[in-house]
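A.B. asks: Note that the protein sequences, when read in sequence, are chains W and G.
Mapped onto the numbering used here, the consecutive letters of the first sequence carry residue numbers 37 to 491.
Mapped onto the numbering used here, the consecutive letters of the second sequence carry residue numbers 37 to 491.
Protein chains: 2
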Amino acid sequence: MSETVKYLLDETHIPKYWYNLAADLPAAAPPVLHPGTMQPVGPDDLAPLFPMELIMQEVATEREIPIPEPVREVYRQWRPSPLFRARRLEKVLQTPAKIYYKYEGVSPAGSHKPNTAVPQAFYNKQAGVKRLVTETGAGQWGSSLAFAGALFGLEVKVFMVRVSYNQKPYRRALMETYGASCTPSPSNETQAGKAILAQRAEHPGSLGIAISEAVEIAAQRDDTKYALGSVLNHVLLHQTVVGQEAMAQMDMAGDYPDVIVGCTGGGSNFAGIVFPFLGAQLRGGKKVRIVAVEPAACPSLTRGQYAYDFGDTAHLTPLTKMHTLGSTFTPPGFHAGGLRYHGMAPLVSHIKQLGLIEAVAYHQTTCFDAGVMFARAEGILPAPEANHAVKGAIDEALKCKAEGKSRTILFNLCGHGHFDMQAYIDYFGGKLQDLEYDEAELAMALAGLPSVKAA
Amino acid sequence: MSETVKYLLDETHIPKYWYNLAADLPAAAPPVLHPGTMQPVGPDDLAPLFPMELIMQEVATEREIPIPEPVREVYRQWRPSPLFRARRLEKVLQTPAKIYYKYEGVSPAGSHKPNTAVPQAFYNKQAGVKRLVTETGAGQWGSSLAFAGALFGLEVKVFMVRVSYNQKPYRRALMETYGASCTPSPSNETQAGKAILAQRAEHPGSLGIAISEAVEIAAQRDDTKYALGSVLNHVLLHQTVVGQEAMAQMDMAGDYPDVIVGCTGGGSNFAGIVFPFLGAQLRGGKKVRIVAVEPAACPSLTRGQYAYDFGDTAHLTPLTKMHTLGSTFTPPGFHAGGLRYHGMAPLVSHIKQLGLIEAVAYHQTTCFDAGVMFARAEGILPAPEANHAVKGAIDEALKCKAEGKSRTILFNLCGHGHFDMQAYIDYFGGKLQDLEYDEAELAMALAGLPSVKAA
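#1: Once you ignore the five residues that flank K261/G on each side, which residues in its own chain have a CB closer than 7 Å to its CB?
#2: Just verifying my parser: in three-state terms, what is the DSSP assignment at P418/W?
#3: Taking its Cβ as the centre, do 16 or more other Cβ atoms sit within 10 Å of Q285/G, making it buried, or is it exposed?
#4: In this structure, what does DSSP give as the bridge partners for F346/G?
#5: So what's C450/G in DSSP terms, helix, strand or just coil?
#6: Report the neighbours of H454/G on chain W: residues whose CB is nearer than 9 Å to its CB, in chain order.
#7: Given a cut-off of 8 Å on the beta-carbon distance, is the pair A307/G and A381/G in contact?
#8: Is E171/W helix, strand or coil when you go by DSSP?
#9: Among residues of its own chain, excluding the 5 on either side of M37/W, which ones have a beta-carbon nearer than 8 Å to its beta-carbon?
#10: May I ask which residues mark the beginning and end of the alpha helix (DSSP H) holding V197/G?
#11: Taking the beta carbon of T48/G as the centre, do at least 16 other beta carbons fall within 10 Å, making it buried, or is it exposed?
#12: Which class does W54/G belong to by DSSP, given the choice of helix, strand or coil?
#13: Does the Cβ-Cβ distance between T444/W and P312/W come in under 8 Å?
#14: Measuring CA to CA, which of L243/W, G279/W, E281/W is closest to G265/W?
#15: Taking DSSP's pairing of strands, which residues face C299/G in a bridge?
#16: Please classify E220/G: does DSSP put it in a helix, a strand, or coil?
#17: Counting only the same chain and skipping the five closest in sequence on each side, list residues whose C-beta sits under 7 Å from that of K149/W.
#18: When the Cα of A411/W is compared with those of P76/G, E212/G, Q389/G, D258/G, which residue comes out closest?
#19: Is there at least one Cβ from chain G nearer than 8 Å to D46/W's Cβ?
#20: Using a Cβ-Cβ cut-off of 8 Å, state whether V128/W counts as contacting chain G.
#21: Taking the C-alpha atoms as reference points, what is the distance between Q389/W and L482/W?
#22: So, at 7 Å on beta carbons, what are the nonlocal neighbours of P240/W in its own chain, with the 5 sequence-adjacent residues on each side left out?
#23: Return yes when the Cβ of K138/W is within less than 8 Å of the Cβ of L119/W, no when it is not.
#24: Count the CB pairs spanning the region 362-376 of chain W and the region 473-487 of chain W that are closer than 8 Å, and state whether there are at least three.
#25: What does A411/W reach in chain G if we use C-beta pairs closer than 8 Å?
#26: How about G415/G: is its C-beta nearer than 8 Å to some C-beta of chain W?
#27: Report the three-state DSSP secondary structure of D46/W (helix, strand or coil).
#28: Looking at H378/W and P420/W, is the spacing between their C-beta atoms short of 8 Å?
#29: Shorter than 8 Å from the beta carbon of Y53/G to some beta carbon of chain W?
#30: With 7 Å as the limit, tell me which residues of the region 86-118 of chain G have their beta carbon closer than that to any beta carbon of chain W; keep them in chain order.
#31: Note down, in chain order, all residues in the region 454-487 of chain G with a beta-carbon under 8 Å from any beta-carbon belonging to chain W.
#32: Closest Cβ-Cβ distance between F365/G and chain W: below 8 Å?
#33: I want to verify the contact list: residues of chain G whose CB lies under 8 Å from the CB of F183/W, in sequence order.
#34: Grab the span of the alpha helix (DSSP H) containing Y159/G for me, first residue to last.
#35: Identify every residue that forms a DSSP beta bridge with Y214/W.
#36: Work out the CA separation of V194/W and A263/G for me, nearest whole Å.
Printed below as a string of structure tokens:
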């Protein structure tokens, strides 16, 4: 029962470029619109928020975008990350399927998030920025940006969704140990926060509100920029190191996936593992089934509308076309905080719309069942977000068993759950519930989508 | 500020044998004595507690003990672990010293402990054992044995020091997720526990008491054995994979340590990195200064007596000659729970007695200062235990600066602190105190050392 199959690349195999899916898409994604003019935004519109290098990556169409050497230098601390064959899990499942997983929990912050935090910190530092402002839900992103900020000598301020701020003091402590400051959101430090608190003094907060606060602060000062941990094209771009390494590692294994599974919140870890394989398919390579797994309590891909919407609650961001539950939708408080966002990355939404990927939604209890089975078989305890991918992969493996077919399944184990043990305590204590969103609230949020003429 | 220098071996370099320091010592360590007869114990005396393969390793004198292939298979999940040059820390310190650290936090349990948990589980499984019983303080060892038990299909029962059981529910949850059961100690499940509770119903527990409980349970059933996470020769032996890899990695770096620093509780992570280098020295290789760093609140090497003593409070274990504070000594509740043990490994004590190593003791606040500096420079947040090694290495580097000399410093960063964030919260909140042990209690504990005629 002890067999380990690990595919490890040496560090000369850290990718030298990020892969840009836009270069290979059969149709371009719809443009991002200015919230005032409803016209496509230009680079200058985004300049108050991001350094120009990241804005150019946001709209880039070249297939390969070089990774700066100082970024690769930092990646070397934990990259290339390992790819494992889950032989022990296969045996437990008695499946003829071959299950592989890419493990991103080896980063210092414990997830895939540093893959983009590091280049974002680098480009901002290079542009003379002194301070980064961001938001975080469960804290994976905030602690990753805090890590990157410490390495590049940038001040980092994080608006943390208040309910998580109170429930997850350890993630907050990690950010503070890296030298970042952490403010519960909604706060009295911004107009957006004050407006929310005026309506409801004890508001638990949401990612949409925290984004509004961070954007508002970033727009006020020239030496301060905004950073986002998912959703945007350049964030997804940076995560493609995951899929590129996985391709090389599947090659080492002499195998190629029939199915790729990733969990989706904003879409970045999913895009990271999927886009390089999808690009190869679009350029004439082997067709791969791709399955996005999302939480049933926040099901943007399976229950949202594909429509223009704001990224934040106060409507300070540009409008993007995406699968959305409406920017006023507040998902219930399930444990996978990284998946509690009302919208989906425009690029992931676009390929869903093009029929290139499937999506499925699961409730959290069944995902924790899968995560515990995985931990006991493979020895790694997954984050609650990652449990969704584990569940998706196990279901695919059980389908293989039912059909008597051997298929090759690859999934992204995007982070470890060492900061999420309360969720496991609740699970073992029988306190984990399958939370449902409010259908009436969803209807209202969708009815409130901004009216946008065909662009 | 982003330069990463990592030395990574491919998995063909996972050691094929453990290195046994006993083969190269100028004088053998004093024998282990039977508590009844005061005569040296034989293998049969230990058979109720350990499988014969581990007993033979305990007394082995061969230099190289082969690592079974199924153990190497599991090691491959995270080994070889990386060796880093701490260039960013060197810059912060403005030291001419070169600082290297071996990082054992990459294991699934987050520390060096699985290096011995895995072979212990393997040999027990091979001997037909069904259940392992052990104790744990902070939980690093308990969760590592739970991990190994899950992989080899062994039931694992952990007696966890009650104060840690209550303070660290997340470590407990990790053990339970791996399928182990966890009991607060002292408990009513053993005679040893009942006797303690009869004296003091709210006793906070200690490692010495938890060991008594685990040993008592293990001795009752043929299908049940005991496992210990440090102190014993075979445990230290298993950890030598750390130092062997580090030697190969220093070789890759074209360098060799002038000073090696490790933190010491029971002595196993220290022995792991030190013994292979010390062995090379004893066989005529380069002399290395070796510094053991221990907590000032539990200073066995710097304030203990080198004497025969029991490993546990109820005096169920054999007597070993070691630096001890007395088996009734209860250290104050500082955060590095893995260093709160009254004794030191007999082999580490022996080489201290032979003058082959130095020892120094630090209070916890200065160790956390060092740990936070390290986290911000190197991006890895150390466990409170590891902060002692960080502090020792920084002090050596500052000595180099004061003397204007460049020396090569190597230390073992034995684990990450993701399960120890409350300690960091206390630190930033100004609540961390430099706890002192009770001098009168120490004097009494030392006065109570068993009387042993020269063996």
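Glycine included, C-beta positions come from ideal geometry on N, C-alpha and C.
Remember, predicted model here, so these are calculated numbers, not experimental data.
C.D. replies: Quick look at the numbers:
#1: L85, F86, P87, N160, V165, L168, A254
#2: strand
#3: buried
#4: L355/G
#5: C450/G: coil per DSSP, three-state reduction.
#6: G146, Y206, L210, H452, H454, F455
#7: yes
#8: strand
#9: For M37/W, the predicted model reports a pLDDT of 46, less than 50, meaning its position is unreliable and no value from the coordinates is stated.
#10: Looking at the DSSP string, V197/G is not in any alpha helix (DSSP H); the run it does join, the beta strand (DSSP E), is 191-197.
#11: exposed
#12: The three-state secondary structure of W54/G, taken from DSSP, is strand.
#13: no
#14: Nearest neighbour of G265/W by Cα position, chosen from L243/W, G279/W, E281/W, turns out to be L243/W.
#15: V329/G
#16: Residue 220/G is actually Pro in this sequence, not Glu. Strand at P220/G.
#17: Q176, W177, S180, G265
#18: E212/G
#19: yes
#20: no
#21: Going by the C-alpha atoms only, they are around 18 Å apart.
#22: Cβ neighbours of P240/W beyond the five flanking positions: R198, V199.
#23: Taking 8 Å as the Cβ cut-off, L119/W and K138/W qualify as a contacting pair.
#24: Counting C-beta pairs closer than 8 Å gives three or more between the region 362-376 of chain W and the region 473-487 of chain W, which meets the contact rule.
#25: A186, T213, Y214
#26: yes
#27: In the structure shown, D46/W falls within a coil segment according to DSSP collapsed to helix, strand and coil.
#28: no
#29: For Y53/G, the answer is no, since every Cβ of chain W falls outside 8 Å of its Cβ.
#30: P106, E109, V110, R112, Q113
#31: H454, F455, M457, Q458, Y460, I461, F464
#32: no
#33: G415
#34: 150-162
#35: None, per the DSSP bridge assignment.
#36: 44 Å
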